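Protein chains in written order, with this note's numbering: chain Z, 4 to 436; chain R, 239 to 768.
Ideal Cβ positions, reconstructed from N, Cα and C, are used throughout, including at glycine.
Note that this is a predicted model, so its numbers are computed, not measured.
Report on one structure; see the data block that follows.
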């Protein structure tokens, strides 16, 4: 009895093995002829006889997917391609591309922010893209944002940068100097003057970076690419800028607010200005608002970080020419870009779309003007070691948390001390790998 | 045979089929560890269910399989990762790296940026031909081939006959011109084909346009990198240098390592870094101390609050018992991350409600308002406050349950013997409670030891420890400290290092738990037989 059972089991095992083997081989045989068998003997329209259409898998956030949805059908029928747009949470695309690509499960194309360029290139999961003639239509900031090691790695479709919201019931616009800002606040008599994220216990290097790099300071020296070995957080200009921020905090121009507090203060009319980006337009609409440039520093225009969003080609895609053609022939066209802008109004990265948007939306034009003074957020992997220390240092200044630390015995008595400390931490982190 | 037996074999067959389906996948990804695990599991399942001799195993095996896949495998994998250099720039396997590198083409300075119309056609043998329309003197035509056929192919020739007198492209009868759509249908083939112009120059399809004419680009006839398997040397054809294998899982070209690199085994290097690196060692003792304090006080405070409420509500004289119990469970029912963010707003020192409410007190006693999140003490207090709020309903629930399981006779008996309520609580109720609850307290301690969410969302580790060797805050616990170091290291994410620290934390928690369980076992021996 037992013997027969054993034999039965063995046969089942072998059977399942054979089944699997068959399954595997049929899969392989399907792949090959799909490309080879194209034309029939007659020369009339041979290629169309190849049965399975090519497929393109795209990962995009919901708004982009919604914008592409009504348009992509025209491309699909004209090109004979199946385009599948998978809706993805914007923030998780990078992590999933890093794991799914190497596992053979990843998309052909995906969207993402430019500051991940260095990391995905270093990891070898994206392929360079040749934008060719359309490159001249893209703002320089977009191209340099997506450049790494001499190659361009994505098609930029949207940019964003912070500027200054103002409460238009209380003030006519944003003055061009910080002294005038202070005077305007005193005249209006609001509880707070400028609400900017990055204080109140919540460090935020991104929102505060104009206070560092507008007047000669820099995080990494930019010369074609960002140089992680040249940190300029504690050069003379950066230290002077930090001291200037310190004076703005001391005289009450810049309030000790984190993001939430700066938002509620602006919405409740308790602050005159709010320093943040175009994503906050709906929140700002609680009051009548306008947008202007961040005031100048030592006569220099404020230099915010510009974030750029773009579409990448996966290095694991087996259809790179098709993927590139999809971008150049369809995605980059002004109609598609306009549809995306309508769904998700960030600033256009292309000049042709900006020419349209500029006339219709003066607020967007203001943000664009602010972005045109900015520099792209560094896209090198070393940037990961910057956010913490710089956020901490600026937090000390914004919250006026000076003094001697009992545990470390280190004294930070001034804004300059705080920046020197941050610069040292960044250098150590980069040196330590 | 009985139906159940047949069913068993069918299920077993399906299981085996699935397992064998995974085998080629595991091999193709070079995942040998997974392969071994699959082998063990398949063997165990088959041996258990095919023979009748191993009856007890029929119940144990499935549990064992789940133990392997959900506990041992992740822990083991984490352990394995801690011995690798898995980090930004080293996430692929060596084979994948070579494939990616060999995939790259390049153009010389003169070749860059030249864009022209490219026509794709096929002859009766279904071979592909490219026609590149540079200018009047260069209408280049030839067969498009893959790079391994470059040796035997003739260079492209200028064919003015492909244009008519109106400068329109005319194709001879013997060729078929592919439309954009047809090019796309064949794009997987076309993307590997080149039209060889001369020894160093080739033309490739670059943009297939379905609305206009497709265009081409000129590239060097060589790939950017070629790899020689036998000598393990990578040739950089653009710079014309030979790149050797580095010892960190990279190719080294002229002193510089090439990205991407691949994962290699680095031995105990990650562990050594924890010991040697000043950026770790400096803040480690501060962080470790606070981690223990945080975990201990979180459990203690939540337990005390839960216990007091449970005892109060356990008194039969309390009316609306059920209503109160439901109310006290609310903090448990709200997702923690929401309560944490709400608390963050409430505690805001300038605009938060908490300081608004406390304002009369501040004025009455003429003291400075608490600067929540900005000083060490207030941040730590806030963390413990919020965690107590999040944790007490759980303690309240289990203590209520445990209280109801303690027989009333014991308390009554002690009363008869003349014990005060306080005595009977401390001598009888409380020890009995501890017997059943202490494993849960240990669990809560281990959970809070790694309570990343709370710290990350509430304080982000802040306020920063000024002057520390690395960006670290007073409320950072070991796991959030590790997270910061691993993701904001010098150069991207360092999984290997993070895995090493989590392995250490794992053993730390293991030891603490083992000691505590031993202690609670003793409690059980003392009070268990009451």
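CB of residue i within 8 Å of CB of residue j, strictly
{"i": "residue 313 (chain Z)", "j": "residue 149 (chain Z)", "result": "yes"}
{"i": "residue 170 (chain Z)", "j": "residue 275 (chain Z)", "result": "yes"}
{"i": "residue 777 (chain R)", "j": "residue 736 (chain R)", "result": "With chain R represented from 239 up to 768, any question about residue 777 (chain R) goes unanswered, as that position is not in the structure."}
{"i": "residue 1 (chain Z)", "j": "residue 203 (chain Z)", "result": "Coverage of chain Z is limited to positions 4 through 436, which leaves residue 1 (chain Z) absent and any answer about it impossible."}
{"i": "residue 725 (chain R)", "j": "residue 387 (chain Z)", "result": "yes"}
{"i": "residue 547 (chain R)", "j": "residue 663 (chain R)", "result": "no"}
{"i": "residue 512 (chain R)", "j": "residue 738 (chain R)", "result": "yes"}
{"i": "residue 166 (chain Z)", "j": "residue 370 (chain Z)", "result": "yes"}
{"i": "residue 200 (chain Z)", "j": "residue 260 (chain Z)", "result": "yes"}
{"i": "residue 392 (chain Z)", "j": "residue 429 (chain Z)", "result": "yes"}
{"i": "residue 215 (chain Z)", "j": "residue 382 (chain Z)", "result": "no"}
{"i": "residue 184 (chain R)", "j": "residue 587 (chain R)", "result": "Outside the displayed span of chain R (239 to 768) sits residue 184 (chain R), for which this structure offers no information."}
{"i": "residue 529 (chain R)", "j": "residue 753 (chain R)", "result": "no"}
{"i": "residue 286 (chain R)", "j": "residue 299 (chain R)", "result": "yes"}
{"i": "residue 268 (chain R)", "j": "residue 331 (chain R)", "result": "yes"}
{"i": "residue 584 (chain R)", "j": "residue 592 (chain R)", "result": "yes"}
Which residues DSSP lists as bridging residue i, in chain order
{"i": "residue 599 (chain R)", "result": "The partner list for residue 599 (chain R) (beta bridge, DSSP) is empty, contrary to what the question assumes."}
{"i": "residue 303 (chain Z)", "result": "Z:300"}
{"i": "residue 308 (chain Z)", "result": "Z:378"}
{"i": "residue 378 (chain R)", "result": "R:370, R:396"}
{"i": "residue 408 (chain Z)", "result": "DSSP lists no partner for residue 408 (chain Z)."}
{"i": "residue 224 (chain Z)", "result": "Z:230"}
{"i": "residue 258 (chain R)", "result": "DSSP output for residue 258 (chain R) lists no bridge partner at all."}
{"i": "residue 405 (chain R)", "result": "Its beta-bridge partners do not exist; DSSP assigns none."}
{"i": "residue 290 (chain R)", "result": "Partner(s): none; residue 290 (chain R) has no beta bridge."}
{"i": "residue 215 (chain Z)", "result": "In DSSP, residue 215 (chain Z) forms no bridge with anything."}
{"i": "residue 477 (chain Z)", "result": "For residue 477 (chain Z) there is no data in the structure shown, the boundaries of chain Z being 4 and 436."}
Residue i: contacting residues in chain Z (beta-carbon distance under 9 Å)
{"i": "residue 561 (chain R)", "result": "Result: empty, since nearest Cβ-Cβ is about 34 Å, beyond 9 Å."}
{"i": "residue 386 (chain R)", "result": "The contacting residues do not exist; residue 386 (chain R) stays about 16 Å from chain Z at best."}
{"i": "residue 267 (chain R)", "result": "105, 106, 107"}
Chain R contact residues for residue i, given Cβ-Cβ distances below 7 Å
{"i": "residue 83 (chain Z)", "result": "419, 422, 423"}
{"i": "residue 413 (chain Z)", "result": "704, 705"}
{"i": "residue 267 (chain Z)", "result": "589"}
{"i": "residue 227 (chain Z)", "result": "Those within 7 Å of residue 227 (chain Z) in chain R number zero; the least Cβ separation is about 15 Å."}
Partner residues on chain R for residue i, Cβ-Cβ distance less than 9 Å
{"i": "residue 408 (chain Z)", "result": "703, 704, 705, 706"}
{"i": "residue 211 (chain Z)", "result": "Per Cβ cutoff of 9 Å: no residues; residue 211 (chain Z) is ~14 Å from chain R at best."}
{"i": "residue 71 (chain Z)", "result": "Near residue 71 (chain Z) there are no residues of chain R at all, since even the closest Cβ is about 16 Å away, more than 9 Å."}
Cβ-heavy atom distance, residue i to the ligand FAD, below 7 Å
{"i": "residue 527 (chain R)", "result": "As far as ligands go, the structure on display features none, and thus does not contain the ligand FAD."}
8 Å Cβ cut-off: residues of chain Z touching residue i
{"i": "residue 503 (chain R)", "result": "Near residue 503 (chain R) there are no residues of chain Z at all, since even the closest Cβ is about 17 Å away, more than 8 Å."}
Neighbour list for residue i in chain R, Cβ cutoff strictly below 8 Å
{"i": "residue 136 (chain Z)", "result": "353"}
{"i": "residue 399 (chain Z)", "result": "702, 704"}
Contact list for residue i against chain Z, beta-carbon separation under 7 Å
{"i": "residue 583 (chain R)", "result": "263"}
{"i": "residue 334 (chain R)", "result": "105"}
Listed by chain order, chain A residues near residue i by CB distance under 8 Å
{"i": "residue 57 (chain Z)", "result": "In the displayed structure, chain A is absent; the protein chains listed are Z and R."}
Are the region 380-387 of chain R and the region 398-418 of chain R touching, with three or more C-beta to C-beta distances below 8 Å?
-> Touching, no, given that fewer than three Cβ pairs across the two stretches are closer than 8 Å.
Is it true that the region 439-455 of chain R meets the region 350-363 of chain R, where meeting means three or more beta-carbon pairs spaced less than 8 Å apart?
-> With the cut-off at 8 Å, the region 439-455 of chain R and the region 350-363 of chain R touch.
Should the region 567-585 of chain R be regarded as contacting the region 618-632 of chain R, the criterion being three or more beta carbon pairs within less than 8 Å?
-> Inter-segment contact for the region 567-585 of chain R and the region 618-632 of chain R is present: three or more beta-carbon pairs are separated by less than 8 Å.
Three or more C-beta pairs closer than 8 Å, one from the region 670-678 of chain R and one from the region 173-184 of chain Z: is that the case here?
-> With a cut-off of 8 Å, the region 173-184 of chain Z and the region 670-678 of chain R do not count as touching, because too few Cβ pairs lie within range.
Compile a chain-ordered list of the residues in the region 313-342 of chain Z whose CB is closer than 7 Å to at least one CB of chain R.
-> If the cut-off is 7 Å between Cβ atoms, the region 313-342 of chain Z has 318, 321, 322, 323, 324, 325, 327, 328, 331, 332 near chain R.
Does the region 555-562 of chain R come close enough to the region 639-651 of chain R to have 3 or more Cβ pairs within less than 8 Å?
-> Of all C-beta pairs linking the region 555-562 of chain R to the region 639-651 of chain R, fewer than three are shorter than 8 Å, placing the two stretches out of contact.
Got a sec: which bits of the region 548-580 of chain R sit with their beta carbon under 8 Å from any beta carbon on chain Z, in order along the chain?
-> Residues of the region 548-580 of chain R that bring their beta carbon within less than 8 Å of a beta carbon in chain Z are absent altogether.
Of all the residues that make up the region 108-131 of chain Z, which are near chain R by a beta-carbon distance shorter than 9 Å?
-> Residues 121, 122, 124, 125, 126, 127, 128, 130, 131.
Evaluate contact between the region 190-197 of chain Z and the region 217-235 of chain Z, counting only Cβ atoms and requiring at least three cross-stretch pairs below 8 Å.
-> Judged by Cβ distances under 8 Å, the region 190-197 of chain Z makes no contact with the region 217-235 of chain Z, as fewer than three pairs qualify.
Compile a chain-ordered list of the residues in the region 290-310 of chain Z whose CB is closer than 9 Å to at least one CB of chain R.
-> Along the region 290-310 of chain Z, there is no position whose C-beta sits under 9 Å from a C-beta of chain R.
Count the CB pairs spanning the region 692-704 of chain R and the region 383-401 of chain Z that are closer than 8 Å, and state whether there are at least three.
-> Contact holds: three or more Cβ-Cβ distances are below 8 Å.
Using 8 Å as the Cβ pair cut-off and three pairs as the minimum, do the region 336-352 of chain Z and the region 127-136 of chain Z touch?
-> Because the criterion of three Cβ pairs below 8 Å is not met, the region 336-352 of chain Z and the region 127-136 of chain Z do not touch.
For the 8 Å Cβ check, are there 3 or more pairs between the region 236-244 of chain Z and the region 404-422 of chain Z?
-> Result yes; three or more Cβ-Cβ pairs closer than 8 Å.
Selection of the region 377-396 of chain Z by Cβ proximity to chain R, strictly under 7 Å | Within the region 377-396 of chain Z, the residues whose Cβ lies closer than 7 Å to some Cβ of chain R are 384, 385, 387, 388, 390, 391, 392, 395, listed in chain order.
Are at least three pairs of beta-carbons, each pair with one atom in the region 320-329 of chain Z and one in the region 57-68 of chain Z, less than 8 Å apart?
-> Contact between the region 320-329 of chain Z and the region 57-68 of chain Z is established, with three or more Cβ pairs separated by less than 8 Å.
Flag this pair as touching only if the region 406-414 of chain Z and the region 687-699 of chain R have three or more C-beta atom pairs under 8 Å; answer yes or no.
-> No: the two stretches stay apart, fewer than three of their Cβ pairs being nearer than 8 Å.
Select from the region 511-544 of chain R all residues with a C-beta closer than 7 Å to any C-beta belonging to chain Z, and list them in chain order.
-> Result list: 515, 517, 524.
Is the region 493-510 of chain R touching the region 327-340 of chain R in the sense that three or more CB pairs, one from each, lie closer than 8 Å?
-> Yes, the region 327-340 of chain R is in contact with the region 493-510 of chain R.
Stretch pair the region 406-424 of chain R + the region 361-375 of chain R: three plus CB contacts closer than 8 Å | Counting Cβ pairs under 8 Å, three or more are found: they touch.
Per the contact definition of three or more C-beta pairs closer than 8 Å, is the region 678-687 of chain R in contact with the region 533-547 of chain R?
-> Yes, the region 533-547 of chain R touches the region 678-687 of chain R.
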